[in-house]
Each structure stands twice: as structure tokens, then as C-alpha cells.
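Engineer: First, the structure itself, so that you have it in front of you.
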Amino acid sequence: MPIAQQQCNRIFNYVLKFANKNQDLRIEMGNRLYPSAVRFNLKTTGATVAWPHIEPTLAELQQLVVDANTGLPFKNIHFRTSDGGPGLANLEFKEGRFTVDFVERFDQRVIDFCEQLNQIIGKPQSLSQLQKEEREYQEALSKLHTALADVPTSKQEITIDVRKKVEQIGKLKREGQTLTSELTKSLNDMHSLTQKRINAKDVDETQLNQILSYVAQFASNNSELRIKLGNGGPQFNLASTGATIAGFHKEPTLAELQQLVVDTKTGLPFEEISFRRGDSGPGLANIKFEKGRFTVQFVDGYDPKVIDFCEQLNQIIGKPQSLSVMRREEQEYLDALKRLQKAVANIPSSRQGVIAEIGKEIEQVEALKERGSEPVNTLTQSLVNMYASIQNRLSAQETASTTIVNQTQRNQICNYVIDFAKKNSNLRVELEDEARHDVARFNLVSTGATVVWPHKEPTLAELQQLVVDANTGLPFKKIHFRTSDGGPGLANLKFKEGRFTVDFVEGFDQRVIDFCDNLNNIMRQPQNIKSISQDEKEYQEALIKLKSGLAGITSEKRVVFQEIILETQKILKQVEQLKKEGATPTPELTESLINTHAVLQGKMTPEDYQTYAAEVEESSSIGMKILGGIMSALGALVAAVGIVLAATGVGLAAGIATAVAGVGLVAAGVGLFSVKKNTPPEADEMDNSNIPTPIK
């Protein structure tokens with residue numbers, strides 16, 4: 001029998017009153033067509049968008065179309081406390097009365113609301129049993145969540161498994177087809193099972209015996225590998241791997257291994273297993289038990305037998321895992337390292353600076369590998385880029401001054417680009433401008449492109465018409481190489497400081513190295529000689545000027561300025577080394593010499609010099625970083641000593657007084673270097689055999 005209009009009005013009045021009294025509860029009334037036709041308390045429960053039918057009046061509610069079967073203008077009432085989530089509870093009119101089903105949690109106010117509506121329609125019903133069941137359900141759910149918070153990291157699969165089951169129970173609860181008491185029982189049973197799984201050892205006694213037997217067998221079959229269980233635990237193959245002292249528990253028997261004390265949580269007598277090939281060095285690899293399974297980390301080198309060992313341990317504990325990806329990554333890392341080391345060995349002895357620089361970078365990569373702080377494929381890419389860098393630097397000109405490409409070279413480059421693209425159809429070649437926009441593309445279709453973009457396959461004539469970079473005259477700012485549409489691409493080629501250089505992004509391809517070398521070969525034709533000669537002339541003048549200044553310092557001043565002199569000599573040595581390597585632009589080295597001379601002469605303040613040194617130190621070149629550090633140290637010494645030259649009439653004593661006052665070398669425009677002409681070196685000076693005679 002439908003609800004009378006008078007009862008509907010009383011329901012509407014009660015809804016308005018309840019909504020006004022409980023503004024932290026959003027109330028949504030709807031039907032099948034419009035689930036949220038009427039809404040209350042949107043703003044007070046976090047809504048940022050004002051939907052229609054907000055806060056309707058009693059008159060507006062009474063205008064809603066009613067259901068002929070029930071006499072009600074709504075099918076259900078949905079309660080929420082915020083915008084997100086499934087909501088708090090659902091109230092429906094079923095079988096002649098109102099019923100409520102809690103979704104997210106229990107709230108006594110919703111129980112009271114439902115009881116009051118049933119009271120209005122003359123079908124009072126106590127919901128105390130429902131209240132009790134809801135409370136028990138929420139308590140069981142809360143207890144299970146608390147248990148999950150205590151799951152150790154080695155058993156996180158328990159958390160994943162239980163959360164999936166809780167989601168299924170929550171779905172059944174929302175559907176309202178299963179008794180709440182039954183769902184509560186499922187939660188309690190799940191809690192008991194979860195506690196048992198948490199308290200259970202990762203490895204049982206049978207599995208442990210299998211592991212220990214396998215360790216002993218593996219050690220016997222691989223005498224070249226020293227195996228150590230845990231920190232200070234038993235070791236295998238000491239003598240066969242070069243040990244001269246017989247360690248404790250050497251070559252333990254299976255019975256001795258079984259006597260080891262196991263961890264109450266994992267069931268294992270060790271936290272890790274380490275592998276070595278000899279006494280010294282960081283070791284080969286470490287196997288650890290983490291998150292319920294064995295994992296391996298290679299430290300120095302690679303051995304597939306250790307991968308096999310780790311896979312077998314996981315097989316024993318019932319958690320098989322293929323480490324094929326790790327095998328591939330470790331082998332690629334090892335191959336890249338060997339190739340790089342071979343390239344370093346072939347560097348001419350005249351390029352010792354390059355050898356030292358690359359050597360340091362290799363050490364840094366190996367240190368990261370040992371710590372396991374970076375993905376192996378990332379470190380492999382670093383080694384690949386180092387190899388490419390060596391090829392670039394060895395094939396470059398001894399000088400690195402900026403070169404303007406002449407028309408002949410430009411035509412040769414355009415011809416070579418087109419010829420290379422034709423011969424390597426599986427490489428996409430993209431010519432880009434300053435804004436990284438493509439101005440020409442080759443091999444789009446053959447590398448998987450499905451859309452034909454502009455500038456596809458330009459002819460030689462079209463390419464020769466392009467002048468993208470006004471400074472160089474080249475038809476591109478950068479060349480980007482790809483093997484397909486997706487990903488970051490294979491490599492980038494740029495023209496910088498008079499030469500072409502390449503940087504690999506993803507993978508390595510010798511063809512790109514050859515491409516870069518051939519472009520640099522084209523650039524080796526005589527060109528811009530006047531500019532190069534001028535740079536060399538200015539460098540030599542600055543070098544001689546600074547060396548002459550040092551040679552002209554008297555022995556009396558050397559006592560006071562000893563630290564400054566030594567630091568200046570370091571700068572000279574580093575500059576000459578960088579010049580010899582040929583990787584740093586000559587004008588940059590000249591500038592460092594001029595500024596060093598200026599700060600010692602008192603024409604540049606220590607503060608300005610240190611600012612300049614900091615800029616040098618920010619260079620991407622390791623050699624320039626070192627130079628910047630030495631210059632910074634010199635600037636600090638100059639600021640601290642603060643002595644002016646006696647040659648200007650200030651006098652040494654007055655200069656020392658000036659230093660005490662903290663003025664620095666800049667005082668009345670004078671500095672360390674003497675302004676006297678033809679000052680011969682003192683007899684007791686340091687060895688200056690390599691310093692030229694002062695300019696007269």
C-alpha cells in the first residue's frame with residue numbers, strides 16, 4: 001500500500017530537520033533515473049562544485065514526482081561524509097519498511113534516522129540487532145587492519161592477499177545480499193589465519209635442511225668461489241681461494257651446519273651469503289633474504305653460477321623466480337665495462353689527463369654498483385656514454401676553439417648525412433633546430449612511423465638550402481637518432497666548441513660513433529686559421545705573464561707569500577695539463593690565467609676572483625672543476641694574507657700591517673707582483689727552470 005501524502009510531508013519535514021542538525025552528513029535522495037536528484041549539506045562536506053537541487057525547501061520537495069507503488073519521491077537515501085569513497089550508508093524502502101545498510105563504517109545517527117522514518121509510516125522497528133551486528137562488523141574490520149600493520153616487510157604478500165579478500169567482503173556488504181553476521185565471521189576467521197601466517201617462519205625445518213645441503217654441495221662443486229654464511233659465520237673453500245690462515249668453522253659438515261641457531265622469524269641461520277674469488281677486494285656478490293625471498297646483488301664482476309644458486313634457493317622455499325633479466329643486465333654491464341677498460345688502455349700516454357679523468361668516473365660507477373643504489377642498466381648506460389666520450393675526444397682536434405663551417409665542409413656534411421641515412425634504413429635520423437623542432441627527417445617509414453610528417457626525406461638540394469644555425473652555417477643544431485617511434489631515442493649528436501660530439505641515451509650503436517668521427521674528419525680541413533692563431537697567441541702571452549710574475553718575486557717576499565706561490569703553481573700546472581689534453585677551449589684557459597695574474601697584482605678583488613672560480617668549478621668538465629677548486633683556494637689565501645707589494649712604496653712591514661687590518665692584496669691599486677722592470681730571480685728561489693725569462 002502506498003505511503004499517504006501526509007506521511008510523505010512528515011518524512012520531508014524530518015529530512016529537512018535532520019539535514020540541518022547534522023551538517024557533517026551529506027544526504028542524497030534519488031530514484032533509478034536520478035540517483036542524486038536532491039542533495040543536502042554539499043558545501044559542509046567538502047563539495048567544490050555546486051550541483052542542482054542544493055538545499056531544497058519543503059515546497060520543492062513536495063513537487064518531486066512520486067513512485068506510484070510506494071508513494072515516495074525517492075528510491076533510496078545515500079549518506080556520505082565527503083566527496084570520495086563508496087559512502088557511509090544506504091537507506092532503502094523495501095517490503096513496506098525502511099532498511100539501512102552500512103558501507104564504509106557504522107554511525108548511530110543513521111540508525112536513528114531509519115527508525116524514525118519507520119515510526120512515521122506506522123511500522124516501528126527496533127534496529128538494536130542491526131546496530132549490534134554493524135558494530136561487531138566494524139570491530140572485526142578494525143582488528144584485521146591492525147594486524148596488517150604488524151606484517152613484516154618479508155611477508156608483504158600477506159597484506160596484498162588479505163586486502164583483496166577484504167575488498168571482496170566490502171563489495172558483498174554494499175550489495176546487501178549477504179548477512180552482516182556472516183561477513184563478520186569471515187573477517188574474524190581471516191584475522192586468525194593472518195596471525196598464524198605472520199607468526200610462521202619464512203623457511204620451515206625441511207626447507208632449511210634442503211638449503212644447507214645445497215649450499216654444501218654447491219661449495220664442493222665450485223672450489224674457486226669462497227662462500228660465507230652470515231657475518232662471522234662458517235666459510236667454504238678458504239684454502240682453494242688463497243687464504244693463508246685457516247678460519248673458524250672452515251669447511252663445516254652438514255651436521256655442523258644444522259646445529260646453527262636460526263632466526264625465530266625467518267627460520268634461517270644467516271641474513272646473507274657472500275661470495276668471493278680471493279682474499280682482497282669488495283667481493284663478488286651478496287645474496288640476501290628480503291621480503292620473503294632470496295635476492296642477489298653483484299659487487300665486483302659477474303658470475304652466472306651465483307644467479308643459478310639464488311634461483312635454486314627460491315625454488316626450495318616454494319617461491320620460484322626467474323632472474324633472466326638480471327642475467328642479461330649483469331652481462332651487459334660487464335661487457336660495457338670491459339669495452340671501456342680496453343678503450344682506456346688504448347689511449348696514448350700523451351693524454352694522461354683523459355686517462356685519469358675517465359678512471360675516476362669508472363671508479364664512481366663501480367662504487368655505485370657495489371652499493372646497489374642505482375639500477376644496473378643505468379650504470380651500464382653511464383659506461384656506454386663514457387666509451388662514446390673517449391671516441392669523441394680522441395678523434396677531436398687538439399684545439400677546441402669554435403669553428404665556422406665553410407661552404408665546402410657544409411656540402412660534404414649534407415652529402416654524408418643523406419648517404420648515411422640511405423645505407424642505414426633502420427636508423428631514423430632527425431635534424432633539429434634550437435627549439436628542438438624537426439627540420440628534416442630520414443627513414444620515418446622504415447622505422448615504424450604511421451604518420452607522414454613534413455620535411456620527410458629532403459633531397460641534397462633541399463638540405464643545402466637549410467641554414468638552421470647562423471653561427472656555424474650548419475643545417476641543424478642537433479641530430480637525433482632513433483630506432484622506432486617510442487622511447488627517449490638512441491643518441492644525440494651536437495656541434496660544440498668546434499667539434500661534433502655524441503651522447504647515447506638508450507643503448508649503444510657503433511654506427512653513430514663512426515658517423516660522428518666522419519663529420520669530425522670533414523671538419524679537420526684547414527679553416528679559420530686566423531682565429532685559432534689569435535687564441536694561441538693570447539694564451540701564450542697570458543701564460544708567460546703569470547710565470548714571469550712568479551719568477552720576479554724576491555726571496556724576502558717568498559717567505560711571506562709561500563702558500564700563495566704554491567697554489568699559483570698548481571693553477572699553472574692544471575691549466576697546462578688541460579691545454580695538453582685539448583678538451584677545454586683555449587680562450588677559457590687564457591681567461592683563468594689573466595684573472596689569476598690580476599688578483600695577484602691587486603687589480604682584481606679576492607671576492608671577484610672567488611666568484612669567477614666558482615663559475616669555473618660549475619663546469620661539466622672534471623678537469624675544469626679541479627681548476628676552479630684550486631683557484632677558489634688561492635682566492636681565500638689572498639683574502640686572508642692581505643699583503644701588498646713593497647715595490648710601490650708601501651713596504652713589507654706596512655704590507656703586513658695591511659694584512660692584519662684585513663684589507664687583502666688590493667690596497668691603493670697594488671698587489672703581489674712587483675712593478676719593477678728586469679728584476680732578476682733571487683739565488684735562493686725555487687726551481688724555475690721551466691719558467692721563461694720575464695718580459696722586458
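Each step along the sequence shown adds one to the number in UniProt numbering, with nothing skipped, and position 68 is 68. Ideal Cβ placement from N, Cα and C applies to all residues, glycine included.
1. Is it buried or exposed, LYS360, if we count other Cβ atoms within 10 angstroms and call 16 or more buried?
2. The beta strand (DSSP E) spanning HIS480 covers which residue range?
3. Report the partner residues of VAL162 according to the DSSP bridge assignment.
4. Between which two residues does the alpha helix (DSSP H) containing VAL38 stretch?
5. So the beta strand (DSSP E) MET29 belongs to, where does it begin and stop?
6. Excluding the five sequence neighbours on either side, which residues of its own chain have a C-beta within less than 7 Å of the C-beta of ILE3, listed in chain order?
7. How many angstroms separate the CA atom of THR586 from the CA atom of GLN569?
8. Go through its chain and collect everything with a Cβ distance to ILE390's Cβ below 6 Å, but skip five positions before and after it.
9. On the DSSP letters alone, give me the boundaries of the alpha helix (DSSP H) that ILE227 sits inside.
10. Give the straight-line distance between the Cα atoms of ARG105 and GLN138, rounded to the nearest whole angstrom.
11. For ALA654, collect the residues of the same chain with a Cβ closer than 7 Å to its Cβ; drop the 5 residues on either side in sequence, then sort them by chain order.
12. Would DSSP call ASN221 helix, strand or coil?
13. On a CA-only basis, which of ALA216, ARG277 and ILE11 is nearest PRO234? Give me that one, please.
14. Taking GLY635 and GLU617 to be in contact with their CB atoms under 8 Å, please state how far apart those CB atoms are, rounded to whole angstroms.
15. Roughly how many angstroms separate the alpha carbons of GLU95 and LYS291, rounded to a whole number?
16. Consult DSSP for SER548 and reduce its assignment to one of helix, strand or coil.
17. On the DSSP letters alone, give me the boundaries of the alpha helix (DSSP H) that LYS625 sits inside.
18. Just checking my contact of THR45 with ARG80 at CB under 8 Å: how many whole Å lie between their CB atoms?
19. Under three-state DSSP, which class holds ILE553?
20. Ends of the alpha helix (DSSP H) at VAL15?
21. Which same chain residues, not among the five before or five after LEU16, have their C-beta less than 7 Å away from its C-beta?
22. Taking C-alpha atoms, which residue in LEU493, GLY486, THR472 and ASP469 lies nearest to HIS480?
23. Let's test the definition: count the other Cβ atoms within 10 Å of the Cβ of GLU615 and tell me whether it reaches 16, buried, or not, exposed.
24. Pick out whichever of LEU463, ASN424 and LEU427 has its Cα sitting closest to the Cα of VAL439.
25. What's the call for VAL467, buried or exposed, on a 16-neighbour Cβ count within 10 Å?
26. Can you tell me whether VAL325 is buried or exposed? The criterion is at least 16 other CB atoms within 10 Å of its CB, across all chains shown.
27. If you draw a straight line from the C-alpha of GLU134 to the C-alpha of ARG371, how long is it?
28. Could you tell me whether any Cβ in chain D is nearer than 9 Å to the Cβ of LEU193?
29. Does ILE565 come out as helix, strand or coil in the three-state DSSP assignment?
30. Would you report the Cα separation of SER192 and THR266, rounded to the nearest angstrom?
31. Could you give the DSSP three-state label for LYS494: helix, strand or coil?
32. Between the Cα of SER181 and those of ALA149, THR194 and LEU141, spot the shortest distance and give me the residue it belongs to.
33. Touch check for the stretch 587-594 and the stretch 534-544: three-plus C-beta pairs under 8 Å?
34. If we ignore side chains and look at the alpha-carbon of each, how far apart do LEU627 and ASP509 end up?
35. Just reading off the beta strand (DSSP E) that ALA440 is part of, what are its end residues?
36. PRO2 by DSSP, collapsed to three states: which one?
Structural biologist: Quick answer:
1. exposed
2. 478-482
3. Paired residues: none, contrary to the question.
4. Run containing VAL38: none in the alpha helix (DSSP H); it sits in the beta strand (DSSP E), 38-40.
5. 26-30
6. THR70, GLY71, LEU72 and ILE121
7. 19 Å
8. ALA343
9. That residue, ILE227, is in no alpha helix (DSSP H); its beta strand (DSSP E) goes 226-229.
10. 6 Å
11. For ALA654, the predicted structure reports a pLDDT of 41, less than 50, and the residue's modelled location is therefore unreliable. The matter cannot be settled from this model.
12. helix
13. ALA216
14. The Cβ separation is near 11 Å, so there is no contact.
15. 52 Å
16. helix
17. 622-641
18. 6 Å
19. coil
20. 5-21
21. LEU58
22. LEU493
23. exposed
24. LEU463
25. exposed
26. exposed
27. 52 Å
28. Within the model displayed, chain D is absent; a lone protein chain is all it includes.
29. helix
30. 20 Å
31. strand
32. LEU141
33. yes
34. 34 Å
35. 438-442
36. coil
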